[in-house]
Amino acid sequence: MAQVSPLRRRMIEDMTVRNLSPATQGSYLNAVSKFSRYFGRSPDHLGLGDVHAFQVHLVATGISWPALNQIVCALRFFYGVTLGHSTIPERIAYAREPRKLPVVLKVPTRW
47 MAQVSPLRRR MIEDMTVRNL SPATQGSYLN AVSKFSRYFG RSPDHLGLGD
97 VHAFQVHLVA TGISWPALNQ IVCALRFFYG VTLGHSTIPE RIAYAREPRK
147 LPVVLKVPTR W
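Residue numbering for the sequence shown follows our numbering, beginning at 47 and increasing consecutively.
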């Protein structure tokens, strides 16, 4: 069995105390792990600029808007709750899906 890092254990404890579902916990852990692997460093050594660069990378890969927002939620939780930073989470922006113009039907010239 692999040993769990103290930071990961603390995040799991924070999510358990807040009664997050097992699926949400798995999703959040996966998101923070993906973030950490992208930069090759521990996530507690990464800052707001790194979060922004990661978001740009994810958008460039064509990730769906709901999936991107789930990763944003995970990072906001990690920085706000697990690390206790008060200013970083509020500066991590959620993604807004671009609005599409409605299809305009051609009006017949004769009724």
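Ideal Cβ placement from N, Cα and C applies to all residues, glycine included.
Just so it is clear, the structure is predicted and the values come from calculations on it, not from any experiment.
If you draw a 10 Å sphere on the C-beta of PRO89, you find 16 or more other C-beta atoms in it, and that means buried. Bounds of the alpha helix (DSSP H) holding ALA106 are 94 to 106.
By the neighbour-count criterion, in which a residue is buried when 16 or more other Cβ atoms sit within 10 angstroms of its Cβ, PHE124 is buried. Collapsing the DSSP output to three states places SER110 in coil. Assignment of ASN76 by DSSP, reduced to helix, strand and coil, places it in the helix class. Bounds of the alpha helix (DSSP H) holding ARG137 are 134 to 137. DSSP places PRO144 in the coil class of the three-state scheme, outside both helix and strand. With 16 or more neighbouring CB atoms inside 10 Å of its own CB, LEU104 falls in the buried class. In this structure, the beta-carbon distance from ARG56 to THR128 falls below 8 Å.
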